[in-house]
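Asker: Below is a structure I'd like to ask you about.
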Amino acid sequence: MLSLSDIEDARERVESVARRTPLEYSHTFSDMSGAEVHLKLENFQRTGSFKIRGAMNRITTLSEEEKSAGVVTASAGNHAQGVALAASRAGVDSKIVMPEHAPISKVKATRRYGGDVVLYGSDYDDAQKRAHEIEAEEGRTYVHAFDDEYVMAGQGTIGLEIAEDCPELDTVVVPIGGGGLISGISTAIKAKHPDARVIGVQADRASSVATSLEKGEIQALDEVDTIADGIAVRRVGEQTFPVIEERVDEVVTVSDEEIAVALTYLLERSKTLVEGAGAVALAALIFEKFDYDADEVVVPALCGGNIDMNTLTTVVMRGLVETGRYLKIRTELKDRPGSLEKLIEIVAEERANIYAIRHDRTSRKIAMNATEVEVDLEMRGPDHVDTLLESLRDAGYDVEVLD
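First residue of the sequence shown? That's 1 in UniProt numbering, and the numbers climb one at a time after it.
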């Protein structure tokens, strides 16, 4: 099983390429949670993700024959970039299979780092199957995204940095996809701080590890569906699962809505941009998915910042909705002069700001002399939303809140 010495050896191999990322105290999230929160900003890593650490460690340890034959891998995006850059630095040809719906920003970045990108399948597991076919066809070495001890050891260098930069550590919170990151970090943390807890976090619609732990054996999900594409993996690794069982104290899940809120808070309050997978650890903390004491020293690992701009727009909007900052409502008005003005007067009295108004006189759900109106509103929080809705309903409006 993965050991501390494996991780210490990995640090010597990757330090010429991987950055030592900051560990920063957060007043905002400490006040919000009651814990003493230090953010491990791995989103500042080269390629925008921790994956360069494991990729570099694996490729550095290839034989000369393996290097000359080239490497192949499968990835939703972050491992792809790590392998492409690490291979380019080592003078090794790389072929990267990515899901057809991988964020375009990650596809372009992988190509810029020198990887030959092949788009295949609907998710990571489909891409992995094609990558293994290429491995057999072309004699390349497959660089697994997580189920490889060299990769796990490379990711574990983050744990060494946390242990050194936060000697008073009580709990570290780590995202889980296939388990490579948390296997490495938990190995380092348990060796350096045996009493510290390691909490793993998955998206609730990609919870292969949580399900496997519950069943006592590895379980494969039929499908995964989450905004946290970096951890959207159907099956935990054969090598990572035993490490998780032995060294991870608890695994919890968060919803996409909770991930969106955490991402939005990070962007607005900490001026820190992360992707969905990068926000899950903080989401688990602020939504109290695990127990912790007041003033407990907690380190959420923000594992990546490679978010597609279209996805970011959607996620931030969802985060604003979930925090009561944005509201969409539908109601029915009499189709006569002054009806809309009366509605707007109530909105103005409650100090809500109108983004957009849409009329629909053709809906078959309403009377011939009525019009359906949808209004998008900027709000100040959940209490403001409740007050506005109460005022509208007291005035006789049948209001539907839209998702």
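C-beta atoms are modelled at their ideal positions from N, C-alpha and C, and glycine is treated no differently.
Give me the Cα-Cα distance between Glu-245 and Glu-214, rounded to the nearest whole angstrom.
Answerer: Those two C-alpha atoms are separated by around 11 Å.
Asker: For the beta strand (DSSP E) holding His-38, just list the boundary residues, first then last.
Answerer: Residues 36-41.
Asker: Return the CA-CA distance between Val-347 and Glu-372, expressed in angstroms with no decimal places.
Answerer: Looking at the two C-alpha atoms, the distance is approximately 17 Å.
Asker: Less than 6 Å between the CB of Arg-247 and some heavy atom of the ligand NAD, yes or no?
Answerer: No copy of the ligand NAD appears in this structure; indeed no ligand is present at all.
Asker: Helix, strand or coil: which one does DSSP assign to Asp-308?
Answerer: Reduced to three states, the DSSP call for Asp-308 is coil.
Asker: By the three-class DSSP mapping on this structure, what secondary structure does Val-298 have?
Answerer: Val-298 falls in the strand class under three-state DSSP.
Asker: Kindly give me the distance between the Cβ atoms of Ala-370 and Leu-333, rounded to whole angstroms, as I take these residues to be in contact under 8 Å.
Answerer: Contact holds; Cβ gap of about 7 Å.
Asker: Three-state secondary structure (DSSP) at Glu-378?
Answerer: It is a strand residue.
Asker: Gly-216: which of Phe-290, Asp-376, Pro-242, Met-56 sits nearest, CA to CA?
Answerer: That would be Pro-242, whose Cα lies nearest to the Cα of Gly-216.
Asker: Once the 5 residues before and after Ala-84 are set aside, which same chain residues still bring their CB inside 7 Å of it?
Answerer: Here the set comprises Ser-94, Ile-96, Thr-110, Tyr-113, Gly-114, Gly-115.
Asker: Where Tyr-150 and Gly-179 are concerned, what is the direct C-alpha to C-alpha distance, given to the nearest angstrom?
Answerer: Answer to the nearest angstrom: the Cα atoms are 13 Å apart.
Asker: Return the CA-CA distance between Glu-250 and Pro-103, expressed in angstroms with no decimal places.
Answerer: The straight-line gap from Cα to Cα measures roughly 30 Å.
Asker: Counting along the chain, where does the alpha helix (DSSP H) carrying Gln-128 start and finish?
Answerer: Start and end: 124-138.
Asker: By DSSP's criteria, Leu-181 is part of a beta bridge. Which residues make up the other side?
Answerer: Beta-bridge pairing links Leu-181 to no other residue.
Asker: Are there three or more Cβ pairs, one per stretch, closer than 8 Å when the region 53-61 is compared with the region 149-166?
Answerer: Counting Cβ pairs under 8 Å, three or more are found: they touch.
Asker: Return the chain-ordered list of same chain residues with a C-beta closer than 8 Å to the C-beta of Ser-16, the five sequence neighbours on each side being excluded.
Answerer: Around Ser-16: no qualifying Cβ.
Asker: Please identify the residue among Arg-234, Cys-166, Ala-131, Ile-162 whose C-alpha is closest to the C-alpha of Ile-176.
Answerer: Checking every option, the nearest Cα to that of Ile-176 belongs to Arg-234.
Asker: Between which two residues does the alpha helix (DSSP H) containing Glu-81 stretch?
Answerer: First, the residue type needs correcting, since residue 81 is Gln and not Glu in the sequence shown. That run of the alpha helix (DSSP H) goes 78-90.
Asker: Let me know if Lys-190 comes out buried or exposed under the rule of 16 or more other beta-carbons within 10 Å of its beta-carbon.
Answerer: It counts as buried.
Asker: Pick helix, strand or coil for Thr-61, following the three-state DSSP scheme.
Answerer: Thr-61: coil per DSSP, three-state reduction.
Asker: When the Cα atoms are used, what is the spatial distance from Glu-341 to Tyr-326?
Answerer: Going from the Cα of Glu-341 to the Cα of Tyr-326 covers about 21 Å.
Asker: Keeping to the same chain, check which residues put their C-beta closer than 7 Å to that of Met-1; ignore five residues upstream and five downstream.
Answerer: These residues qualify, in order along the chain: Pro-242, Val-243.
Asker: What separation, rounded to the nearest whole angstrom, lies between the Cα atoms of Cys-166 and Leu-119?
Answerer: Rounded to the nearest angstrom, the two C-alpha atoms are 41 Å apart.
Asker: Please classify Thr-362: is it buried, with 16 or more other beta-carbons within 10 angstroms of its beta-carbon, or exposed?
Answerer: Its Cβ having fewer than 16 others within 10 Å, Thr-362 is exposed.
Asker: Compute the Euclidean distance between the alpha carbons of Thr-331 and Lys-365, then round it to the nearest angstrom.
Answerer: Rounded to the nearest angstrom, the two C-alpha atoms are 12 Å apart.
Asker: For the alpha helix (DSSP H) that Pro-194 lies in, which residues bound it at each end?
Answerer: Where Pro-194 is concerned, there is no enclosing alpha helix (DSSP H), given that its DSSP letter is neither H nor E.
Asker: Kindly indicate the opening and closing residues of the alpha helix (DSSP H) around His-27.
Answerer: 27-33 is the extent of the alpha helix (DSSP H) around His-27.
Asker: Can you tell me the Cα-Cα spacing of Ser-105 and His-193, whole angstroms?
Answerer: Looking at the two C-alpha atoms, the distance is approximately 38 Å.
Asker: Expressed to the nearest angstrom, what Euclidean distance is found between the alpha-carbon atoms of Ala-228 and Glu-374?
Answerer: Roughly 30 Å separates the two Cα atoms.
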